[in-house]
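*Asks:*
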Amino acid sequence: MVGMFDNKKTNPEIIRNLKTVFTEKFSVSKDSTISVAELRCHEPNCPPVETVFTVRTSDGSIKDWRISKSAGEIQIKDIEILYDKEK
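Positions 1 to 87 (this note's numbering) are the ones given, in order, by the sequence shown.
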């Protein structure tokens, strides 16, 4: 049985690389914090896995971006697509 809190760890190197690419593409300032979380959903009409990028800035603002893929499946082009949608 698959539980809600199955804890499959994502390779830390993958997360570091995603943070680096995201930081460079979005010009995230050094005083901001970036979190990358892989979420699993078992509800109807939501992707089974998505990776969420959260940026917390020094002024307290928070913004999220989501990619409907596991962290290990994300390519640079996926982050570029997110960036292009921001323009």
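Beta carbons: idealized from backbone N, C-alpha and C, even for Gly.
1) Put residue 10 into one of helix, strand or coil per three-state DSSP.
2) Residue 68 bridges to which residues according to DSSP?
3) How should residue 62 be labelled, buried or exposed, when 16 other C-beta atoms within 10 angstroms of its C-beta is the threshold for buried?
4) Check each candidate in 71, 76, 41, 44 and name the one with the smallest Cα separation from residue 90.
5) For residue 21, name the three-state secondary structure that DSSP assigns.
6) Looking only at DSSP bridge pairs, what is residue 87 linked to?
7) Start and end of the beta strand (DSSP E) containing residue 28?
*Replies:* In short:
1) Of the three classes helix, strand and coil, the one that applies to residue 10 here is coil, per DSSP.
2) Bridge partners of residue 68: none, in fact.
3) So residue 62 ends up on the exposed side.
4) Residue 90 cannot be examined here, being either before or after the span of the chain that is shown, 1 to 87.
5) Of the three classes helix, strand and coil, the one that applies to residue 21 here is helix, per DSSP.
6) As DSSP reads the structure, residue 87 sits in no beta bridge.
7) Element bounds for residue 28: n/a, residue is neither H nor E.
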